[in-house]
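So the sequence shown is numbered by my numbering: it starts at 241 and just counts up by one. The next block holds one structure in the form of structure tokens; read it before the comments.
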Amino acid sequence: MLGISAGLEQKTVWDFQKPTDYISYLFTGIRGWICRGQINPEYRQTMLRFNGLMERSFTGLNNVYISMNTFCINERTSDRLKRLNTLYVDIDCYKLGLDKAIVLEALREDYFESAIPCPTFVIDSGRGLYLIWKLRNEDRNALPRWTRVQEYLIQTLKEFGADPACKDCTRILRVPFTRNTKSGTDVEILEFNDLTYTISEIQKEYDIVGSYRKHADNKKSHPYNTATEPMRHYAADLALKLGVELPDLEDFSATQAWIAKMRLKVPRRTHREENALHFDPKENTKMCCILQGYCTDMETLFSMRQGADCKREIALFLYRLFCYDMTGDKDLALEKTLAFNASLSCPFPESYVKRATMSAERKIDKGDTYHYKRETIISILEITGEEMKSLTYLVGEVRRRERKQENNRKAYLERLAAVGKETKAAEKEKRRAAILAMQKEGMGAPEIIAALAISKATYYRETAAIAARNGLEAARNVVETAVEKVAETAKKALEAVLETVEQAASTEEEEKCPSEIEEDAEPMEESALNGEVSKNQPYYCKSTAEQCRTVMVVSTGVDGHAFGVSSSGSGCGVRPHGSRSMGSGSLWESSG
Numbered sequence: 241m242l243g244i245s246a247g248l249e250q251k252t253v254w255d256f257q258k259p260t261d262y263i264s265y266l267f268t269g270i271r272g273w274i275c276r277g278q279i280n281p282e283y284r285q286t287m288l289r290f291n292g293l294m295e296r297s298f299t300g301l302n303n304v305y306i307s308m309n310t311f312c313i314n315e316r317t318s319d320r321l322k323r324l325n326t327l328y329v330d331i332d333c334y335k336l337g338l339d340k341a342i343v344l345e346a347l348r349e350d351y352f353e354s355a356i357p358c359p360t361f362v363i364d365s366g367r368g369l370y371l372i373w374k375l376r377n378e379d380r381n382a383l384p385r386w387t388r389v390q391e392y393l394i395q396t397l398k399e400f401g402a403d404p405a406c407k408d409c410t411r412i413l414r415v416p417f418t419r420n421t422k423s424g425t426d427v428e429i430l431e432f433n434d435l436t437y438t439i440s441e442i443q444k445e446y447d448i449v450g451s452y453r454k455h456a457d458n459k460k461s462h463p464y465n466t467a468t469e470p471m472r473h474y475a476a477d478l479a480l481k482l483g484v485e486l487p488d489l490e491d492f493s494a495t496q497a498w499i500a501k502m503r504l505k506v507p508r509r510t511h512r513e514e515n516a517l518h519f520d521p522k523e524n525t526k527m528c529c530i531l532q533g534y535c536t537d538m539e540t541l542f543s544m545r546q547g548a549d550c551k552r553e554i555a556l557f558l559y560r561l562f563c564y565d566m567t568g569d570k571d572l573a574l575e576k577t578l579a580f581n582a583s584l585s586c587p588f589p590e591s592y593v594k595r596a597t598m599s600a601e602r603k604i605d606k607g608d609t610y611h612y613k614r615e616t617i618i619s620i621l622e623i624t625g626e627e628m629k630s631l632t633y634l635v636g637e638v639r640r641r642e643r644k645q646e647n648n649r650k651a652y653l654e655r656l657a658a659v660g661k662e663t664k665a666a667e668k669e670k671r672r673a674a675i676l677a678m679q680k681e682g683m684g685a686p687e688i689i690a691a692l693a694i695s696k697a698t699y700y701r702e703t704a705a706i707a708a709r710n711g712l713e714a715a716r717n718v719v720e721t722a723v724e725k726v727a728e729t730a731k732k733a734l735e736a737v738l739e740t741v742e743q744a745a746s747t748e749e750e751e752k753c754p755s756e757i758e759e760d761a762e763p764m765e766e767s768a769l770n771g772e773v774s775k776n777q778p779y780y781c782k783s784t785a786e787q788c789r790t791v792m793v794v795s796t797g798v799d800g801h802a803f804g805v806s807s808s809g810s811g812c813g814v815r816p817h818g819s820r821s822m823g824s825g826s827l828w829e830s831s832g
């Protein structure tokens, strides 16, 4: 079993009676700033040290969150990360209609300690579950390996509704013993295991091997605190456009400051102050067209979605990022983002949108030119196949192929219409209709062939196709009629059997009912001559004669005749008038 104890005073789930017990277990001995956020009603966050966080109140408050990792300065961004403290998965099982208890039981049976490590915490977040694995104080340099493990955990639990967007190191999660106003319930610790892990042991146990991206110059990475490969490429482009010298690429901060300064000197693409973004066709680039398409598709997508749980926050971030990347105008990008937010069915407050999407500007300003893949955006926004039918750019490979086939078909029909032609299928139908019409007029094969200017082979092929189609239609009609008759016959037979059973049951009750026996019935008289039973003997009296037992089942045949089977004990049979006896078990047929 992986993991070792944290060596703290909390050993069982009962040792967590208040929020500070949970915070103490997560952050004792961990350096850095921790983010505390709350929505009340707008989102506000504060960066605190461990002691300051422990002094804050949590119990009973609404919508309180804390960051799972720590930061080196008073800012919650990935480039300010200090220590990696946890791995986590947010399971939104309610989106798939799955019950939390059933999901947790399935995880215990088939996943914990087999497909994934046993989590340190299992938390009921209100409508879903949090799985949290405490790490043994990993350094920020382990972020690439941390990301690969995080992606493995999310992908493994995808069938339970694991949120694909919950894989960033700056994530904040709800605090136990606080209240989730969306579900109206308290956040609760369901399960606790005193286990801590290292990233390397999880990678080794589950064979999580990272895939490093190869750049054009085959350089994969650079030493810590030096310019990254995207920054180097972007700085080279800026230096070429502006005719200036490159900065010191061995200094990360210096390169970042140089890029932020130089990119402001690059001539911007023109735009107009209108509701929709506009680009000069002469200066438009392929990437601008793609980003514009992404923004338009997001507007269409969220015009179809309703409610608060529709990935609106990440969509606003992407929208502002794409707008700023296209125009280079911060004010215009913010204005368009606020207008997009106002169009949502459940918009955020404007002040929250400004703060929550501010990192989009910083991402561009620091020279991060990475563009999200289409598949990544589709996965993060959870775009369905039905929604893709209304989109242009944010569509999967299957939908792209379908749309290509539709466009090819449409172009083909347009080309035929332009030259006054029809499709081959339409031509065949017209030819077959003409052959049928001529045959009804009494025309023979040679006349039809000459009139339509077709070959003998074509005529006989079309004639065979017409006959086959007519035969198929006739067979279908026969089958439908037979099915109706069989259903009606079965219904009548069932009614007859039920009626016979009811009659037999009522007769048996009459035979067994003692109230109908006459108490003054005369006693049995025996003949002095031969000892035969008197003919005046009641039917219920004991007799040396063997009683006749008969069971008769009546059924109705397909042609309306009545059929039945009579079975008699001691050779005594009962059958209707006019029937032929066929022995102990006889089949009779009524002519009526």
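Cβ coordinates follow ideal geometry from the N, Cα and C atoms, glycine included.
Secondary structure note for residue 275: its beta strand (DSSP E) is the uninterrupted segment 274-279.
In this structure, the beta-carbon distance from residue 577 to residue 417 does not fall below 8 Å. Ranked by how close their Cα comes to the Cα of residue 324, the residues 410, 347, 342 have 410 in first place. In the DSSP assignment, residue 562 falls within the alpha helix (DSSP H) that extends over 552-567. Annotated as proximal: residue 331 and residue 368, with beta-carbon spacing under 8 Å. About 6 Å separates the Cβ atoms of residue 689 and residue 696, confirming a contact at the 8 Å cut-off. Counting C-beta pairs closer than 8 Å gives fewer than three between the stretch 251-264 and the stretch 440-451, which falls short of the contact rule.
The shortest CA-to-CA distance from residue 385 to any of 326, 641, 624, 620 is the one to 326. In this structure, residue 542 places its C-beta atom within 8 Å of the C-beta atom of residue 584. Distance between residue 388 and residue 366, taken at the CA atoms: about 28 Å.
Below 8 Å, too few C-beta pairs join the stretch 392-401 and the stretch 307-324 to call them touching: fewer than three.
In this chain, the beta strand (DSSP E) harbouring residue 285 covers 283-288. Residue 278 is not a Cβ neighbour of residue 265, given a cutoff of 8 Å. The count of Cβ pairs closer than 8 Å, one atom from the stretch 536-551 and one from the stretch 565-579, stays below three, leaving the stretches out of contact. With respect to the C-alpha of residue 528, the residue from 701, 727, 562 having the closest C-alpha is 562. Under DSSP, no beta-bridge partner is assigned to residue 392.
Pairing residue 335 with residue 364 gives a Cβ-Cβ distance that is not under 8 Å. Straight across, the Cα-Cα distance linking residue 683 with residue 712 is about 25 Å.
Exposed is the label assigned to residue 586, since fewer than 16 other Cβ atoms lie within 10 Å of its Cβ. If the five residues before and after residue 589 are omitted, its C-beta is found closer than 8 Å to the C-beta atoms of 281, 282, all from its own chain and listed in chain order.
At a Cβ-Cβ threshold of 8 Å, residue 425 and residue 246 do not count as neighbours. Put simply, the backbone Cα of residue 634 is about 10 Å away from that of residue 619.
In this structure, residue 359 lies near residue 371, with their beta-carbon atoms less than 8 Å apart. Residue 531 is a Cβ neighbour of residue 565, given a cutoff of 8 Å.
In this structure, DSSP gives residue 307 an extended state, which the three-state scheme calls strand. Here residue 319 carries a helix assignment [DSSP, helix/strand/coil]. Around the C-beta of residue 465, fewer than 16 other C-beta atoms lie within 10 Å, and the residue is accordingly described as exposed. Annotation for residue 317: 311, 410, 599, 602 place their beta carbon closer than 8 Å to its own, counting only its chain and skipping 5 residues before and after. The residues 540, in chain order, have a CB closer than 6 Å to that of residue 630 in the same chain once the five nearest residues on each side in sequence are set aside.
Here DSSP, grouped into helix, strand and coil, assigns residue 428 to strand. For residue 445, same chain residues with a beta-carbon under 7 Å away, outside a window of 5 residues either side, are 242 in chain order. For residue 378, the closest of 676, 295, 269, 483 by C-alpha to C-alpha distance is 269. For the set 596, 546, 657, the Cα lying nearest the Cα of residue 560 is the one of 596.
Runs of the alpha helix (DSSP H) lying entirely within the stretch 676-702 and spanning at least 4 residues, in chain order: 685-692. Excluding the 5 residues flanking it on each side, residue 490 has same chain C-beta neighbours closer than 6 Å at 466, in chain order.
Note that the C-beta distance between residue 685 and residue 699 is below 8 Å.
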